[in-house]
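Only one structure is covered here, and it is reproduced in the block below.
Residue numbers (my numbering): 13 to 221.
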């Protein structure tokens, strides 16, 4: 009987799960939703409670992973002029485009607490759900600063600055778009992403935002 030493040895010696190099992020362990809420039911939709921990690699504009100072990489100061990115989308698709942008940010290594999302039309389902527990509970999630925070344009001025601000121009009056873009421009430390109709956004930005 011919012997084929390679295959039996490979299969018999491979005991336990094999670890293959991750190309972008670690997948197996879901991330629990930060900010414990003993009495609240699980949150619907975003922020992503099943997202794995961010990978070690970070983009050039990403802040250092921990609060302690150290030569681990350049951190964008809060007062730096933010880079602006425009993602064309219809009012009906702006929120989905914002969600995709947030996914890419987290996949690239951004921490959830780095991101603020502002809507100009219908509020994000997460914001609606959290506000059902009262404004104090809603803003406590914001103050914890450890997860993505969703805010309507009407209350965006109350939100604090974050490294990345994403604006979904998903309808609403022109005044809401102006308020959202103005607040986002002031609060974004490193990156401002605007999802919506480019012509409308450019007209608003040209109005002095």
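Don't be surprised by glycine CBs; every beta carbon is placed ideally from N, CA and C.
State the CB to CB distance for the pair residue i and residue j, rounded to an integer number of angstroms; the pair is presumed to be in contact (CB under 8 Å).
i: residue 97; j: residue 205; result: 5 Å
i: residue 160; j: residue 181; result: At roughly 18 Å, the Cβ-Cβ gap does not stay under 8 Å, so residue 160 and residue 181 are not in contact.
i: residue 132; j: residue 184; result: 4 Å
i: residue 193; j: residue 216; result: 5 Å
Using C-beta distances below 6 Å, list every residue in its chain close to residue i, excluding the 5 sequence neighbours before and after it, in chain order.
i: residue 136; result: 162
i: residue 191; result: 165
i: residue 46; result: Any reading at residue 46 must be qualified, since the residue scores a pLDDT of 47, below 50, and its modelled position is unreliable; no value is offered.
Where does residue i fall in DSSP's three states?
i: residue 184; result: coil
i: residue 105; result: coil
i: residue 158; result: coil
i: residue 163; result: strand
i: residue 122; result: coil
i: residue 175; result: strand
i: residue 202; result: strand
i: residue 131; result: strand
If you count every other CB in all the chains shown that lies within 10 Å of the CB of residue i, and 16 or more means buried, which is it?
i: residue 142; result: buried
i: residue 200; result: buried
i: residue 110; result: buried
Check whether the Cβ atoms of residue i and residue j lie closer than 8 Å to each other.
i: residue 5; j: residue 177; result: No statement about residue 5 is possible, as the shown extent of the chain runs from 13 to 221 and does not include it.
i: residue 99; j: residue 196; result: no
i: residue 94; j: residue 202; result: yes
i: residue 158; j: residue 125; result: yes
i: residue 106; j: residue 207; result: yes
Who are the near neighbours of residue i in its chain, counting only those whose CB is closer than 7 Å to its CB and skipping five residues on each side?
i: residue 114; result: 127, 129, 160, 178
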